[in-house]
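Novice:
2 protein chains.
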Amino acid sequence: MTARIQAIYRIRGSSTTIAERAQQIAVEQSVEMPVAAIAAPHVLDTIVGQVETISELGDGLFEVRIGLSVETVGDDPGQLVNMLFGNSSLHEDVALVDAVLPDTLLAQYDGPNHGIEGLRARVGAGPWALTCSALKPQGLSAKALAELAYRLALGRLDFIKDDHGLADQRFSPFAERVPACADAVRSAAEKTGHPTRYVPSLTGHLDSLRQQMEIARAAGIDTVMLAPMIAGLSNCVRLKRDYPDMAILAHPSLGGAARIAPEFLLGGLFRAIGADGIIFPNHGGRFGYSAETCLRIADRARGSWGGTKGSQRAGLKPAIPVPAGGMVLERVTEMLNFYGPDVMLLIGGGLLSAGAKLTAATEAFTAAVREHRYG
Amino acid sequence: MTARIQAIYRIRGSSTTIAERAQQIAVEQSVEMPVAAIAAPHVLDTIVGQVETISELGDGLFEVRIGLSVETVGDDPGQLVNMLFGNSSLHEDVALVDAVLPDTLLAQYDGPNHGIEGLRARVGAGPWALTCSALKPQGLSAKALAELAYRLALGRLDFIKDDHGLADQRFSPFAERVPACADAVRSAAEKTGHPTRYVPSLTGHLDSLRQQMEIARAAGIDTVMLAPMIAGLSNCVRLKRDYPDMAILAHPSLGGAARIAPEFLLGGLFRAIGADGIIFPNHGGRFGYSAETCLRIADRARGSWGGTKGSQRAGLKPAIPVPAGGMVLERVTEMLNFYGPDVMLLIGGGLLSAGAKLTAATEAFTAAVREHRYG
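Listed in order, the protein sequences are those of chains W and U. According to this note's numbering, the first sequence is numbered sequentially starting from 1. According to this note's numbering, the second sequence is numbered sequentially starting from 1.
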């Protein structure tokens with residue numbers, strides 16, 4: 001008897017069909033063949049997925065909990081998502097809502113290397129909210145982006161990340177852009193006395209990600225951004241292990257596999273595989289997530305996870321939630337009241353719109369966060 | 001003026017709001033910031049996405065074509081999908097239906113190394129349908145899987161692939177399973193005279209994928225399987241370039257990002273990044289794709305793509321469509337009539353259910369395909 005992963009699905013169906021449908025999904029996500037044709041007792045007892053509970057949610061929806069063997073996953077997070085939702089992502093009546101991962105499995109990914117504490121330490125912050133902005137638009141030269149970074153950093157931001165559209169393009173090749181922006185931010189930090197960090201976006205296959213990590217490290221950078229659904233979850237864990245000094249912000253690009261609950265994918269899975277900060281679309285911006293969904297994402301990212309009383313192991317470090325996507329200065333107070341101090345506020349376009357007054361707008365943003373009194 | 005990628009979205013909206021919404025998506029998928037705050041003429045002229053056409057489809061749906069600069073993509077397919085649908089995957093009213101990729105861009109991925117012709121050559125096939133089955137359930141030992149492979153191969157299959165659930169698990173570690181299955185299939189092939197190929201499933205980060213490629217190659221294997229949405233599109237192209245002798249079957253696992261049209265994702269994008277064969281759920285099996293969707297996937301996989309008259313460059317090689325997912329012997333004739341000879345039929349559980357009569361059932365399958373008369 002080995003520990004099981006509990007995968008939690010929301011399935012559309014009827015009370016007369018749900019038991020059979022749940023059983024089909026349990027088979028689909030484990031042995032993927034007629035169970036009657038399986039002879040091996042070990043496979044029948046351990047490997048075949050087991051329907052654990054079925055609860056009716058109303059409106060033709062059911063929550064189904066299926067136990068999956070941890071043996072089927074091993075230590076590869078790509079294989080985890082394959083077992084949780086690989087084939088069933090193709091079933092239109094099934095959504096993956098959540099998964100309960102045994103501590104033994106969680107320990108293999110081990111979550112953030114740095115977490116909220118490590119991110120705060122980078123910028124000398126105490127228990128208050130962090131600030132972030134974004135370098136854009138893509139299409140600017142490395143020099144122009146570095147100038148922009150300089151002006152933003154003069155506003156005493158904690159982090160300045162690349163737009164997730166910035167990759168290794170001709171108009172601002174990674175190897176030019178990153179040292180230029182890092183230098184610019186460092187110059188500004190020397191002027192302000194605030195240790196603003198530049199966070200480049202890494203892209204491509206694992207070799208390319210590694211090469212970019214090296215360039216970033218050589219430029220004195222200690223925090224980078226990745227989009228795990230594009231980079232590949234397995235590559236992300238590999239990088240987190242190979243570069244334990246680097247903190248990682250996770251970008252949700254391509255995360256809209258509509259039928260994986262965002263609180264699990266972004267707040268849970270991205271944290272499990274090592275994101276120290278998790279960027280997600282805040283409610284009331286350009287994206288449709290509700291306030292409740294956003295709070296669930298934030299709480300999954302930073303709440304306690306794994307590690308039980310009396311266990312030798314502590315749980316995963318908390319990752320900092322980074323609500324974003326069309327945020328503006330006017331919302332800072334509301335957002336801080338909503339999320340509390342364990343948050344990083346990210347305003348990109350909302351600052352860049354200030355044009356010639358960019359540094360002043362940025363300074364207003366960071367001052368508002370600095371001066372906020374948490375209720 | 002550079003060539004543009006044309007991204008084709010289906011957007012839910014109304015005739016009074018669609019123009020503004022289309023413009024928002026064009027900005028979201030390019031510069032992701034207020035256009036009014038952009039000063040650089042090059043960015044405004046070239047980099048900002050341009051709404052090219054809007055057509056009403058009825059029922060509150062609109063097809064919107066947006067031109068995106070190829071400069072924003074470079075030669076990384078991860079960045080391509082980032083620009084096509086990264087942030088908009090998080091917008092519930094937007095689906096990515098298709099994309100028209102300029103030949104210059106397509107040439108950077110260059111599609112299948114081997115294609116239908118190369119797969120047929122591996123098994124000495126002429127212009128007829130290929131056959132495939134799957135090794136499962138996971139949980140069996142390497143030895144048990146090899147025995148199963150042997151019995152399947154005696155039935156003269158063209159390809160025997162790993163179940164996509166097989167990874168590098170303790171019960172059948174890759175380094176044990178792959179040589180064992182390769183040897184078993186080779187022994188059977190010597191007996192039947194038919195050069196059946198064993199196709200292992202590769203998993204993990206790029207280092208792991210490469211290590212598995214080496215093990216596979218050392219075992220005399222020339223065809224492997226990958227799940228691009230899990231492995232990462234960028235890793236897939238890297239592998240295709242590094243191992244030009246290997247043919248690749250693409251598995252659709254995690255491909256159900258509900259709002260990317262499967263004909264584009266599976267038939268189009270997976271082919272572009274180098275899949276020689278494309279596995280997808282056939283209609284009437286365990287998955288809900290319609291017959292029309294399946295034919296569209298097949299035709300995107302194998303139809304002509306790229307390379308224009310008078311151009312120096314030929315288009316991409318065709319990839320073979322591999323309909324699967326609950327197929328049975330009784331459907332062989334219907335499927336061959338439906339897809340024609342440029343197809344690989346994959347029956348897994350439907351053969352494994354035969355138990356002691358596995359080889360006979362397999363032989364009946366391959367004979368039915370061999371003897372089929374195309375209309």
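Built from N, CA and C at the ideal position, the CB exists for glycine as well.
Going along the chain, which residues of its own chain have a beta-carbon closer than 8 Å to the beta-carbon of proline 195 of chain W, five neighbours each way excluded?
Specialist: To locate residue 195 of chain W, count along the first sequence from 1; it is residue 195. Arg122, Val123, Gly124 and Ala189, listed in sequence order.
Novice: Considering only their Cβ atoms, is the gap separating aspartate 162 of chain U from proline 200 of chain U smaller than 9 Å?
Specialist: Here the question's residue 200 of chain U lines up with position 200 in the second sequence. Here the question's residue 162 of chain U lines up with position 162 in the second sequence. Contact: yes.
Novice: Check whether chain U comes within 9 Å of tyrosine 289 of chain W, counting only Cβ atoms and requiring the distance to be less than that.
Specialist: Here residue 289 of chain W is taken as the residue at index 289 of the first sequence, counted from 1. By this cut-off, tyrosine 289 of chain W is an interface position.
Novice: Can you tell me which of the three DSSP states aspartate 293 of chain U falls into?
Specialist: Residue numbering aside, residue 293 of chain U sits at position 293 when the second sequence is read from its first letter. Note on residue identity: the sequence assigns threonine, not aspartate, to residue 293 of chain U. Looking at threonine 293 of chain U - three-state DSSP - the assignment turns out to be helix.
Novice: Along the chain, where does the beta strand (DSSP E) containing tyrosine 198 of chain U start, and where does it finish?
Specialist: If you number the second sequence from 1, residue 198 of chain U lands on position 198. First-last of the beta strand (DSSP E) with tyrosine 198 of chain U: 197–199.
Novice: If phenylalanine 159 of chain W sits next to leucine 130 of chain W, beta carbons under 8 Å apart, how far is it from one beta carbon to the other, in whole angstroms?
Specialist: Locating residue 159 of chain W in the first sequence gives position 159, counting from the first residue. Locating residue 130 of chain W in the first sequence gives position 130, counting from the first residue. The Cβ separation is near 7 Å, so the contact holds.
Novice: Which whole-angstrom value describes the C-beta separation of arginine 296 of chain U and proline 321 of chain U, a residue pair presumed to lie in contact below a C-beta threshold of 8 Å?
Specialist: To locate residue 296 of chain U, count along the second sequence from 1; it is residue 296. To locate residue 321 of chain U, count along the second sequence from 1; it is residue 321. About 10 Å; that fails the 8 Å criterion.
Novice: Roughly how many angstroms lie between the CA atoms of arginine 4 of chain U and leucine 68 of chain U, to the nearest whole one?
Specialist: Against the second sequence, residue 4 of chain U aligns to sequence position 4. Against the second sequence, residue 68 of chain U aligns to sequence position 68. Our two residues, arginine 4 of chain U and leucine 68 of chain U, have alpha carbons roughly 5 Å apart in a direct line.
Novice: DSSP three-state label for leucine 226 of chain W, please.
Specialist: What you label residue 226 of chain W is simply residue 226 of the first sequence in a count that begins at 1. Strand.
Novice: For alanine 425 of chain U, which three-state DSSP category applies?
Specialist: Examination of residue 425 of chain U is not possible in this model, given that chain U is present from 1 through 375 alone.
Novice: Could you name the residues of chain W that phenylalanine 85 of chain U contacts, counting a contact when the two beta carbons are closer than 7 Å?
Specialist: Looking up residue 85 of chain U in the second sequence gives position 85. Leu254, listed in chain order.
Novice: Three or more C-beta pairs under 8 Å: does that hold for the region 361–375 of chain W against the region 49–60 of chain U?
Specialist: no
Novice: Isoleucine 47 of chain W touches chain U at which residues, Cβ-Cβ below 7 Å?
Specialist: Translated into the one-based positions of the first sequence, residue 47 of chain W becomes position 47. Correct list: Pro137, Gln138 and Gly139.
Novice: Drop a sphere of 10 angstroms on the beta-carbon of serine 290 of chain U, count the other beta-carbons inside from all chains shown, and report buried for 16 or more, exposed for fewer.
Specialist: For the purposes of this step, residue 290 of chain U is taken as residue 290 along the second sequence, with counting starting at 1. Exposed, because fewer than 16 other Cβ atoms sit within 10 Å of the Cβ of serine 290 of chain U.
Novice: Taking the Cβ atom as the reference point for each residue, do asparagine 382 of chain W and serine 253 of chain U lie within a distance shorter than 9 Å?
Specialist: Given a span of 1 to 375 for chain W in the structure shown, any question on residue 382 of chain W remains unanswerable.
Novice: Where does proline 137 of chain W fall in DSSP's three states?
Specialist: As a first step, residue 137 of chain W is located in the first sequence; it is residue number 137 there, counting from the start. It is coil, neither helix nor strand.
Novice: Give me the DSSP bridge partner(s) of arginine 12 of chain W.
Specialist: For the purposes of this step, residue 12 of chain W is taken as residue 12 along the first sequence, with counting starting at 1. Per the DSSP secondary-structure output, arginine 12 of chain W pairs in a beta bridge with W:Leu61.
Novice: Thinking cysteine 132 of chain W and leucine 346 of chain W are a contact (beta carbons under 8 Å), I'd like their distance in whole angstroms, please.
Specialist: Numbered from its first residue, the first sequence carries residue 132 of chain W at position 132. Numbered from its first residue, the first sequence carries residue 346 of chain W at position 346. That belief holds up - the Cβ atoms of cysteine 132 of chain W and leucine 346 of chain W are roughly 4 Å apart, short of 8 Å.
Novice: Beta carbons nearer than 8 Å to chain U: which residues of the region 221–244 of chain W have them?
Specialist: Taken in chain order, the members of the region 221–244 of chain W whose beta-carbon sits within less than 8 Å of a beta-carbon on chain U are Ala227, Ile230, Ala231, Gly232, Leu233, Ser234, Asn235, Val237 and Arg238.
Novice: Keeping to the same chain, check which residues put their C-beta closer than 7 Å to that of leucine 219 of chain W; ignore five residues upstream and five downstream.
Specialist: For the purposes of this step, residue 219 of chain W is taken as the residue at position 219 of the first sequence. With the sequence shown as reference, residue 219 of chain W is identified as alanine, and leucine is not the correct amino acid for it. For alanine 219 of chain W, where only same-chain residues beyond five positions count, the Cβ hits under 7 Å are Val178, Pro179 and Ala182.
Novice: For aspartate 276 of chain W and arginine 120 of chain W, I'd like the C-alpha separation in whole angstroms.
Specialist: The sequence position of residue 276 of chain W within the first sequence is 276, counting from 1. The sequence position of residue 120 of chain W within the first sequence is 120, counting from 1. If I take the Cα positions, the gap works out to 11 Å.
Novice: Can you check whether the CB of serine 30 of chain W is closer than 9 Å to the CB of alanine 37 of chain U?
Specialist: Here residue 37 of chain U refers to the residue found at position 37 when the second sequence is read from its first residue. Here residue 30 of chain W refers to the residue found at position 30 when the first sequence is read from its first residue. Against a cut-off of 9 Å, the Cβ pair of serine 30 of chain W and alanine 37 of chain U comes out as no contact.
Novice: Show which residues of chain W have a CB atom less than 8 Å away from the CB atom of leucine 352 of chain U.
Specialist: By 1-based counting over the second sequence, the position of residue 352 of chain U is 352. Ordered by position in chain W, the residues that pass the 8 Å Cβ test against leucine 352 of chain U are Met33, Pro34 and Ala37.
Novice: Determine the direct distance from the alpha carbon of serine 172 of chain U to that of methionine 229 of chain U, and round the result to whole angstroms.
Specialist: Along the second sequence, one-based indexing puts residue 229 of chain U at 229. Along the second sequence, one-based indexing puts residue 172 of chain U at 172. One C-alpha to the other measures close to 24 Å.
Novice: Hey, quick one: how far does the beta strand (DSSP E) through lysine 357 of chain U stretch, first residue to last?
Specialist: Along the second sequence, one-based indexing puts residue 357 of chain U at 357. Here lysine 357 of chain U belongs to no beta strand (DSSP E), and DSSP marks it neither H nor E.
Novice: Measure the alpha-carbon distance for arginine 156 of chain U versus threonine 192 of chain U and round it to whole angstroms.
Specialist: In the second sequence, residue 156 of chain U corresponds to position 156, counting from 1. In the second sequence, residue 192 of chain U corresponds to position 192, counting from 1. Rounded to the nearest angstrom, the two C-alpha atoms are 7 Å apart.
Novice: Does the CB of methionine 1 of chain W have a neighbour CB from chain U at under 9 Å?
Specialist: As a position in the first sequence, residue 1 of chain W is number 1, starting the count at 1. For methionine 1 of chain W, the predicted model reports a pLDDT of 45, less than 50, meaning its position is unreliable; a value from the coordinates is still stated below. It does not: the Cβ of methionine 1 of chain W has no partner Cβ on chain U nearer than 9 Å.
Novice: Alanine 167 of chain U touches chain W at which residues, Cβ-Cβ below 7 Å?
Specialist: Taking the first residue of the second sequence as position 1, residue 167 of chain U is located at position 167. Chain W residues near alanine 167 of chain U: Gly74, Asp76 and Gln79.
Novice: Would you call proline 318 of chain U buried or exposed, if buried means 16 or more other Cβ atoms sit within 10 Å of its Cβ?
Specialist: In the second sequence, residue 318 of chain U corresponds to position 318, counting from 1. Per the 10 Å Cβ criterion, buried.
Novice: On the three-state DSSP scale, how would you describe phenylalanine 280 of chain W?
Specialist: Against the first sequence, residue 280 of chain W aligns to sequence position 280. In the structure shown, phenylalanine 280 of chain W sits in a strand (DSSP, three-state: E or B).
Novice: Can a CB atom of chain W be found closer than 9 Å to the CB of glutamate 147 of chain U?
Specialist: Along the second sequence, read from residue 1 onward, the residue named residue 147 of chain U stands at position 147. Not closer than 9 Å to any Cβ of chain W, the Cβ of glutamate 147 of chain U fails to qualify, so no.
Novice: Can you list, in chain order, the residues of the region 200–222 of chain W whose Cβ is nearer than 8 Å to any Cβ on chain U?
Specialist: Thr203, Gly204, His205, Leu206, Asp207 and Ser208
Novice: If you run the structure through DSSP and keep just helix, strand and coil, what is valine 343 of chain W?
Specialist: Locating residue 343 of chain W in the first sequence gives position 343, where the first residue counts as 1. The answer is coil: DSSP assigns valine 343 of chain W none of H, G, I, E or B.
Novice: Hey, could you find the ends of the beta strand (DSSP E) lysine 191 of chain W is sitting in?
Specialist: Sequence index remark: in the first sequence, residue 191 of chain W carries index 191 (1-based). Counting along the chain, lysine 191 of chain W falls outside any beta strand (DSSP E), though it belongs to the alpha helix (DSSP H) covering 174–192.
Novice: Using a Cβ-Cβ cutoff of less than 7 Å, which residues in the same chain neighbour alanine 99 of chain W once the five nearest sequence positions on both sides are dropped?
Specialist: Counting from 1 along the first sequence, the entry for residue 99 of chain W is found at position 99. So the qualifying residues of the chain are Ile5, Gln6, Ala7, Ile8, Leu84 and Phe264.
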